[in-house]
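For reference, the structure is listed below as structure tokens.
Number of protein chains: 2
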Amino acid sequence: MELYIGYLAGTMGTICWIPQAWRAWSTRDTSGLSLAANLMFLLTVSLWLIYGLMVGDMPLILANFCALLIVISIVLAKLKYK
Amino acid sequence: MELYIGYLAGTMGTICWIPQAWRAWSTRDTSGLSLAANLMFLLTVSLWLIYGLMVGDMPLILANFCALLIVISIVLAKLKYK
Chain C
1 MELYIGYLAG TMGTICWIPQ AWRAWSTRDT SGLSLAANLM FLLTVSLWLI YGLMVGDMPL
61 ILANFCALLI VISIVLAKLK YK
Chain V
1 MELYIGYLAG TMGTICWIPQ AWRAWSTRDT SGLSLAANLM FLLTVSLWLI YGLMVGDMPL
61 ILANFCALLI VISIVLAKLK YK
């Protein structure tokens, strides 16, 4: 039971930023987005990816690799349409 | 070494949304924020908190309890200033 909740949380935490990336690129409206928050989140996801690679945890690697791509796209949108 | 990176990632992942919450409440500009993304993230953090409580992991409980408060404040700002 705990495991299912953990997997669900991990999956949700990866896909939840897709609507934000979509909104930023489709509306070109990023005025409400905090660049500091998204850069810190980019660093967070990178650290989790490095941690996953170091301890060889595949779910952690996969989830954070996908999240990294999505968060990079949000940061790029924020830098382009500021 | 891995442990330090894990703790750093966990701490950064909790505090990184403070600038976003601050920006939303101080500028009242939430037009660029995706409500769907933030609601899904709220669910993610809630699931991690439940998971932490179930497995009795104190760092997970503390980090996600703090994150929950910050994300709730972002969602409330989005609902108030949409």
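Protein chains in written order, with the UniProt record's numbering: chain C, 1 to 82; chain V, 1 to 82. The beta-carbon is built from N, C-alpha and C at its ideal position, and this holds for glycine as well. Here the structure is a predicted model, which means the values were calculated and not measured.
Chain V residues whose Cβ lies nearer than 9 Å to that of residue i
i, result
"Ile72/C", "Within chain V, no residue comes near Ile72/C; the closest Cβ sits about 15 Å away, beyond 9 Å."
Residues that residue i contacts on chain V, provided the C-beta gap is smaller than 7 Å
i, result
"Ala36/C", "Pro19"
"Pro31/C", "First, the amino acid is wrong: residue 31/C is Ser here, not Pro. Those are Asp29, Ser31, Gly32, listed as they occur along chain V."
Interface partners of residue i on chain C, CB under 9 Å
i, result
"Phe65/V", "Those do not exist, as Phe65/V stays about 14 Å from chain C at its closest Cβ, beyond 9 Å."
Residue range of the alpha helix (DSSP H) that includes residue i
i, result
"Trp48/V", "35 to 55"
"Lys82/C", "Taken as a continuous stretch (DSSP letters only), Lys82/C belongs to no alpha helix (DSSP H), as it is neither H nor E."
"Arg23/V", "18 to 27"
"Thr11/C", "2 to 15"
Listed by chain order, chain C residues near residue i by CB distance under 7 Å
i, result
"Leu8/V", "Leu47"
The ligand FMN heavy atom lying under 7 Å from the CB of residue i
i, result
"Ala9/C", "Ligands are entirely absent from the displayed structure, and the ligand FMN is therefore not among its contents."
Looking at chain C, which residues of the segment 41 to 64 of chain V have a Cβ within less than 7 Å of any of its Cβ atoms? Phe41, Leu43, Thr44, Leu47, Trp48, Ile50, Tyr51, Met54, Val55
Within 8 Å, do at least three Cβ pairs link the segment 23 to 31 of chain V to the segment 50 to 66 of chain C? no
Does the segment 11 to 26 of chain V come close enough to the segment 33 to 42 of chain C that 3 or more CB-CB pairs lie under 8 Å? yes
Is the segment 1 to 12 of chain C touching the segment 45 to 54 of chain V in the sense that three or more CB pairs, one from each, lie closer than 8 Å? yes
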